[in-house]
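>
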Amino acid sequence: MPDATFDDLPALAQRLRDELEAKNSILIYAYNGTGKTRLSTAFKDLGKVVNADGEKTAQDTLYFNAFTEDLFFWDNDLANDLSRVLKINSNSRFFAGLGELEMDNRIRPLLNRYADFDFRIDTTEWTVRFSRVVETAGTTATVEDIKISRSEENIFIWCFFLAIVQLVIDESEAYKWVRYVYVDDPISSLDESNAVMVAHHLAQMLKDAPNRIRVVVSSHHVLFFNVLCNEMRKPQRYFLARHKQAGGQTFKIQETSSRPFLYHLASLVEMHQAQKSGALYTYHFNMLRRVMEQTAAFFGYANWHDCIKPEADDPNETIYKRVIDLMSHGDYSLYEPREMMPENKEHFGRLLKQFITLHPFSPALFSEDVQEKP
17 MPDATFDDLP ALAQRLRDEL EAKNSILIYA YNGTGKTRLS TAFKDLGKVV
67 NADGEKTAQD TLYFNAFTED LFFWDNDLAN DLSRVLKINS NSRFFAGLGE
117 LEMDNRIRPL LNRYADFDFR IDTTEWTVRF SRVVETAGTT ATVEDIKISR
167 SEENIFIWCF FLAIVQLVID ESEAYKWVRY VYVDDPISSL DESNAVMVAH
217 HLAQMLKDAP NRIRVVVSSH HVLFFNVLCN EMRKPQRYFL ARHKQAGGQT
267 FKIQETSSRP FLYHLASLVE MHQAQKSGAL YTYHFNMLRR VMEQTAAFFG
317 YANWHDCIKP EADDPNETIY KRVIDLMSHG DYSLYEPREM MPENKEHFGR
367 LLKQFITLHP FSPALFSEDV QEKP
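Counting from 17, one number per residue, gives the positions in the sequence shown under the numbering used here.
1. Would you list, in sequence order, the uninterrupted beta strand (DSSP E) runs of no fewer than 3 residues that lie entirely inside the region 240-327?
2. Provide the residue span of the alpha helix (DSSP H) that contains K103, from first to last.
3. Please state whether DSSP places Y348 in a helix, a strand or coil.
4. Taking the beta strand (DSSP E) that A20 belongs to, which residues open and close that run?
5. When the Cα atoms are used, what is the spatial distance from P251 to L94?
6. Taking the beta strand (DSSP E) that R122 falls in, what are its first and last residues?
7. On a Cα-Cα basis, can you pick out the residue from M119, F133, A68 and N302 that is closest to K163?
8. Mapping DSSP to helix, strand and coil, what is D91?
9. Taking only three categories from DSSP, how would you classify Y130?
10. When you compare the CB positions of I173 and H288, do they come within less than 9 Å of one another, or not?
11. Return the CA-CA distance between A225 and V212, expressed in angstroms with no decimal places.
12. By the three-class DSSP mapping on this structure, what secondary structure does L36 have?
13. What do you reckon, are the CB atoms on R145 and E160 nearer than 9 Å?
14. By how many angstroms is the C-alpha of R136 removed from the C-alpha of D347?
15. Name, in chain order, the residues that DSSP records as bridge partners for R230.
16. Since I42 is in the beta strand (DSSP E), which residue starts that stretch and which ends it?
17. Between R33 and L55, which are expected to be in contact by the criterion C-beta below 8 Å, what is the C-beta distance as a whole number of angstroms?
18. May I have the straight-line CA-CA distance separating A257 from L244, to the nearest angstrom?
19. Give a yes or no on whether 9 Å exceeds the smallest Cβ distance from A215 to chain D.
20. Output the boundary residues of the alpha helix (DSSP H) element that contains F59.
21. With three or more C-beta pairs closer than 8 Å as the rule, is the region 76-84 touching the region 290-298?
22. If we count the other Cβ atoms within 10 Å of its Cβ and call it buried at 16 or more, is F177 buried or exposed?
23. Using the C-alpha atoms, what's the distance from R249 back to V184?
24. Taking the alpha-carbon positions, what's the D186 to D201 distance?
25. Starting from the C-beta of C175, find all residues in its chain whose C-beta is less than 6 Å away, skip the five residues before and the five after it, and write them out in chain order.
26. Let's see if you can read the secondary structure: which residues bound the alpha helix (DSSP H) around S167?
Written as structure tokens, this is what we have:
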């Protein structure tokens, strides 16, 4: 399919639905803050049927995104600090047939691939309790009602979702309404090895999906995306970008099936163009950090900030790392893009110029002035 630009995410979501009439799956790579989660929501909303009273009467998309994780929330027993439970939003159709389908036994084999804790679901109270076997002085004991870590919670919810996907694949009556499976960034808290494992496992599951099921997966994680590209059955592959312009923004998808996945180069060119035009936003620091992480991994550096090479006369050699840390982790940096302050524009411009100059990127990617010594 040719590259295309859309004025809003619902229009792009409709394009994906149209393509899925002929394709079984679509993979989308996009940076954080581009609109991946909002795109998954727009896609889901197009499949809803609402009656005259505004009540949802039908839907066709089983989705995993940040909103899926919000269906679970903690009660930490603040009064006694003893009985900690993860509560489930029983109103969601996501949990259809939870009691009848023995979800504990479906989730546990999946969870055992990734974690060493156990759980039990109470479908009367709509809670999940966790436990872990610990060894002390040569003896083992089970510790009940533990508070698992955020990453462990994420992987539990992911395995819950996978168990439901398996029910869809098995054409369970409770999930016959599912026509599309949409997965958005399931691995935000996983390390590289688990990212490969999760991608491989998902691809293997989806190979057995009936032909009527169509799949969309979006991610900002390069390794996760590439594993899916290699292991899924001829997916359509896109790079999604958002472009700010006078009067609003547009969303562009670029077909990537026939060229290498080297978006760190595209990112550098985009950042260079933004810096030259002066249209620098806080999220450009996040993009720069991501490119440095990829470059550090390629060169075998211990840390991403080893890519920073301050000038000899820099009075504070740590200032660039501090600026990137601050600007790439602030809550405002991704989802509420703001134009950089003049001082940060200067920091960004000097740092980007150093990075491009001191690493062996092709000069053809950039205008001549950036190739001069900073």
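A virtual CB, placed ideally from N, CA and C, is assigned to each residue, including glycine. Only a predicted model underlies this, so the values are computations on that prediction, with no experimental measurement involved.
Let me lay it out:
1. Listed in chain order, the complete beta strand (DSSP E) runs (minimum 3 residues) inside the region 240-327 are 252-261 and 264-271.
2. Run containing K103: none in the alpha helix (DSSP H); it sits in the beta strand (DSSP E), V101 to I104.
3. Residue placement at Y348 is poorly supported in this model, since its pLDDT is 38, which falls under 50; the coordinates are not used for a value here.
4. First-last of the beta strand (DSSP E) with A20: A20 to F22.
5. Computed Cα separation, rounded: 48 Å.
6. No beta strand (DSSP E) contains R122, which is instead part of the alpha helix (DSSP H) from M119 to L127.
7. Per the Cα distances, F133.
8. Reduced to three states, the DSSP call for D91 is strand.
9. The answer is coil: DSSP assigns Y130 none of H, G, I, E or B.
10. Taking 9 Å as the Cβ cut-off, I173 and H288 do not qualify as a contacting pair.
11. If I take the Cα positions, the gap works out to 21 Å.
12. L36 falls in the coil class under three-state DSSP.
13. Cβ distance < 9 Å, so R145 and E160 count as in contact.
14. Per-residue confidence for D347 stands at a pLDDT of 42, beneath the threshold of 50, marking its modelled position as unreliable; no derived number is given.
15. R230 is bridged to Y196.
16. From DSSP, the beta strand (DSSP E) with I42 extends over S41 to Y45.
17. Wrong, their Cβ atoms sit about 12 Å apart, outside the cutoff.
18. Approximately 20 Å between the Cα atoms of the pair.
19. Among the chains of the structure shown, chain D does not appear; only one protein chain is present.
20. Counting along the chain, F59 sits inside the alpha helix (DSSP H) bounded by residues K52 to L62.
21. Counting C-beta pairs closer than 8 Å gives fewer than three between the region 290-298 and the region 76-84, which falls short of the contact rule.
22. Taking a 10 Å sphere around the C-beta of F177, we find 16 or more other C-beta atoms and assign the residue as buried.
23. When rounded, the separation of the alpha-carbon atoms in V184 and R249 is 18 Å.
24. Each residue's alpha carbon lies about 24 Å from the other.
25. Result list for C175: I123, L126 and L127, in chain order.
26. That run of the alpha helix (DSSP H) goes R166 to I185.
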